[in-house]
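The sequence shown begins at 1031 in this note's numbering and counts up by one.
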Amino acid sequence: MADKNWGHCKGCRYFGTHHPNPGDTDVARCMEPDLQPFDLQVSGTSGCNEFEARTGMAGGVSAEEPAPSMH
Ligand code: SF4
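Dropping the structure here:
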């Protein structure tokens, strides 16, 4: 049985880090809604099959994304 969606925390949107580009040694909370009750601390090289790729680069939900200007 293949892990359909496995990926590393450092590339996951639920990795609760401030870093825009987290690395292997970064440790942060997992913010995945189903896992949040467990208050997991995960590192960049951890991972699970709830992985969802960070969308910042593709222009999705991102704290780093500049607000559109409304002149
Ligand atoms: S444990 Fe899973 S859901 Fe949480 S940050 Fe890591 S890959 Fe994402």
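Idealized CB from N, CA, C, for every residue including glycine. Quick caveat: nothing in here was measured; it's all calculated off a predicted structure.
| Check | Outcome |
| --- | --- |
| Quick one: residues in its chain with C-beta nearer than 7 angstroms to the C-beta of Gly1053, no 5 flanking neighbours on either side, listed in chain order? | Lys1040, Gly1074 |
| Any idea what DSSP makes of Ser1092, helix, strand or coil? | Interpretation of Ser1092 is limited by its pLDDT of 45, a score under 50 that renders its predicted location unreliable; the figure taken from the coordinates is listed afterwards. In the structure shown, Ser1092 sits in coil (DSSP, three-state: anything other than H, G, I, E or B). |
| Which same chain residues, not among the five before or five after Asp1064, have their C-beta less than 8 angstroms away from its C-beta? | Glu1080 |
| With burial defined as no fewer than 16 other Cβ atoms inside 10 Å of the residue's Cβ, what is the status of Pro1050: buried or exposed? | exposed |
| Quick check on this structure: which residue in Gly1077, Met1061, Trp1036, Glu1062 has the alpha carbon closest to the alpha carbon of Thr1055? | Gly1077 |
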